Amino acid sequence: MYQKILVAMALDHDISQKTLRAAKILCEDGGEITALHVHDAFQGSVVPYVDEEIINAGFVKSESLLKEKLAGVEGVTSKILKGHTARTIIDFAESNGIDCIVMGSHKPGLIDYFLGSTAAWVVRHAKCSVHVHRE
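85 is the number of the first residue of the sequence shown in the working numbering; add one for each residue after it.
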């Protein structure tokens, strides 16, 4: 079905194995799957109050967790970027010719109706297909 699939990895949720499985089903023979985790950047007003070592340690921990989640999963390339989660997913998809984004979503709560979830933002703004897996 799809040649280039991006799996948005939320390292703090237990849905990664299911979204990776869905990506493998959706991927054509010879296609590419990229697992992307976006390490959320601190807002500019907070950065002066947070030690650089703490910020770097968080990024290193995210890299480690991504490797753990992908251990034993063949045919998937991993990538970790810093930035605003939804915007970074969209930008990566557009600049890398992704034709399908696979991501998980939680049941929306009240705050999601006012601010919107990452998955909802990606669905509204992506120029490619988006497959959302909900528990």
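Using N, Cα and C, we set each Cβ at its ideal position, and we do this for glycine too.
Given the structure is predicted, the values throughout are model-derived calculations rather than measurements.
C-beta contact flag for residue 188 and residue 99 at 8 Å: yes
Proximity test, Cβ basis, 8 Å: residue 189 and chain B: This model lacks chain B altogether; it includes just one protein chain.
Cβ pair count under 8 Å reaching 3, the region 152 to 172 against the region 108 to 125: yes
Where residue 75 falls: helix, strand or coil (DSSP): In the structure as shown, the chain begins at 85 and stops at 219. Residue 75 is therefore absent and cannot be evaluated.
Of the residues 111, 103 and 102, the one placed nearest residue 85, counting alpha carbons only: 111
For residue 141 and residue 217, believed in contact at Cβ under 8 Å, the rounded distance: Between residue 141 and residue 217 the Cβ distance is about 30 Å, and since that is not below 8 Å, they are no contact.
N- and C-terminal bounds of the alpha helix (DSSP H) containing residue 138: 136 to 154
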